[in-house]
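Participant: So the sequence shown is numbered by UniProt numbering: it starts at 1 and just counts up by one. Built from N, CA and C at the ideal position, the CB exists for glycine as well. Here the structure is a predicted model, which is why all the values come from computation and not from measurement.
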Amino acid sequence: MKAMRWIAVLLLGGLALAQTLRLEQGWVRRVPGDITAAYLVLYNPTDRPVRIVGASTPIATRVEFHQTTHAGHGDHQDVSAMKRMEALVVPARGRLEVLPGKYHLMLYGLRQKNPRPLAEGQKVPLTLRLEDGATLTLTLTVETR
1 MKAMRWIAVL
11 LLGGLALAQT
21 LRLEQGWVRR
31 VPGDITAAYL
41 VLYNPTDRPV
51 RIVGASTPIA
61 TRVEFHQTTH
71 AGHGDHQDVS
81 AMKRMEALVV
91 PARGRLEVLP
101 GKYHLMLYGL
111 RQKNPRPLAE
121 GQKVPLTLRL
131 EDGATLTLTL
141 TVETR
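In structure tokens:
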């Protein structure tokens with residue numbers, strides 16, 4: 001019986017963390033091809049960091065976390081590359097900015113899941129999976145930016 005209570009406390013605690021993350025902005029880039037990116041800003045008002053370990057959406061076959069890196073010399077940071085990340089962390093009482101030129105979510109396989117091109121203004125559900133097993137589903141809008 002104690003084990004069942006402990007599991008319930010863990011599950012409810014994870015759910016509470018997921019529910020406290022707030023989406024401040026978010027969108028999916030409108031593109032004609034099979035791959036696109038999603039961007040968002042999340043705020044965590046709690047005193048504990050929240051680790052995001054996975055994501056999914058019904059419009060893509062897979063979602064990966066990436067970080068844009070820049071290389072070059074001095075003021076000439078002219079070479080960009082993407083580095084795949086295993087997780088993203090929303091700091092305690094802080095923001096995670098998943099924005100162009102920083103972190104981003106790559107959405108692959110759009111045509112297999114969503115045969116028509118993404119439409120401006122289309123609503124896209126995106127589910128984030130947290131390290132503690134909780135999930136958070138956000139709604140992002142397709143935009144040309």
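Please list, in chain order, all residues of the same chain as Gln122 whose beta carbon is under 6 Å from its beta carbon, the five residues on each side excluded.
Facilitator: Taking the sequence shown and counting its residues from 1, the one referred to as residue 122 is at position 122. Annotation for Gln122: Val142 place their beta carbon closer than 6 Å to its own, counting only its chain and skipping 5 residues before and after.
Participant: Would you kindly report the start and end of the unbroken beta strand (DSSP E) that includes Leu110?
Facilitator: Reading the sequence shown from its first residue, position 110 is the one you call residue 110. It is not in any beta strand (DSSP E) - Leu110 instead sits in the alpha helix (DSSP H) that spans 110–113.
Participant: Quick one: Cα of Val41 to Cα of Ala71, how far?
Facilitator: Working through the sequence shown from its first residue, we reach residue 41 at position 41. Working through the sequence shown from its first residue, we reach residue 71 at position 71. Whole-angstrom Cα-Cα distance: 25 Å.
Participant: Where Tyr43 and Arg111 are concerned, what is the direct C-alpha to C-alpha distance, given to the nearest angstrom?
Facilitator: The count along the sequence shown starts at 1 and reaches residue 43 at position 43. The count along the sequence shown starts at 1 and reaches residue 111 at position 111. So the alpha carbons of these two residues sit roughly 32 Å apart.
Participant: Is the beta carbon of Arg51 less than 7 Å from the beta carbon of Glu131?
Facilitator: For the purposes of this step, residue 51 is identified with residue 51 of the sequence shown, where counting begins at 1. For the purposes of this step, residue 131 is identified with residue 131 of the sequence shown, where counting begins at 1. In this structure, Glu131 lies closer than 7 Å to Arg51 by Cβ.
Participant: What residue does the beta strand (DSSP E) around Pro125 start on, and which one ends it?
Facilitator: By one-based count along the sequence shown, residue 125 stands at place 125. Per DSSP, Pro125 is one residue of the beta strand (DSSP E) stretching across 123–130.
Participant: DSSP state of Thr61, grouped into three classes?
Facilitator: For the purposes of this step, residue 61 is identified with residue 61 of the sequence shown, where counting begins at 1. In the structure shown, Thr61 sits in coil (DSSP, three-state: anything other than H, G, I, E or B).
Participant: Nearest by alpha-carbon distance to Leu138: which of Asp34, Ala38, Val31 is it?
Facilitator: Here residue 138 refers to the residue found at position 138 of the sequence shown. Of the candidates Asp34, Ala38, Val31, the one whose C-alpha sits nearest the C-alpha of Leu138 is Ala38.
Participant: Between the C-alpha atoms of residue 153 and Arg129, what's the straight-line distance to the nearest angstrom?
Facilitator: Nothing can be reported for residue 153: it is not among the residues displayed for the chain, which extend from 1 to 145.
Participant: Going by DSSP in three states, Thr137 sits in which element: helix, strand or coil?
Facilitator: The residue you call residue 137 lines up with position 137 of the sequence shown. Under the three-state reduction of DSSP output, Thr137 falls in the strand class.
Participant: For Ile59 and Lys113, which I take to be in contact (beta-carbon distance under 8 Å), what is that distance rounded to the nearest angstrom?
Facilitator: Locating residue 59 in the sequence shown gives position 59, where the first residue counts as 1. Locating residue 113 in the sequence shown gives position 113, where the first residue counts as 1. The Cβ separation is near 5 Å, so the contact holds.
Participant: Considering only the beta carbon of each residue, do Ser56 and Thr144 sit closer than 7 Å?
Facilitator: As a position in the sequence shown, residue 56 is number 56, starting the count at 1. As a position in the sequence shown, residue 144 is number 144, starting the count at 1. No.
Participant: How is Thr68 classed by DSSP in three states: helix, strand or coil?
Facilitator: Numbered from 1 along the sequence shown, position 68 holds the residue referred to as residue 68. Strand, per DSSP.
Participant: Alpha carbon to alpha carbon, what distance is there between Met82 and Glu89?
Facilitator: Looking up residue 89 in the sequence shown gives position 89. Looking up residue 82 in the sequence shown gives position 82. Reading off the sequence, residue 89 comes out as Val, not Glu. Taking the straight line from one Cα to the other gives about 18 Å.
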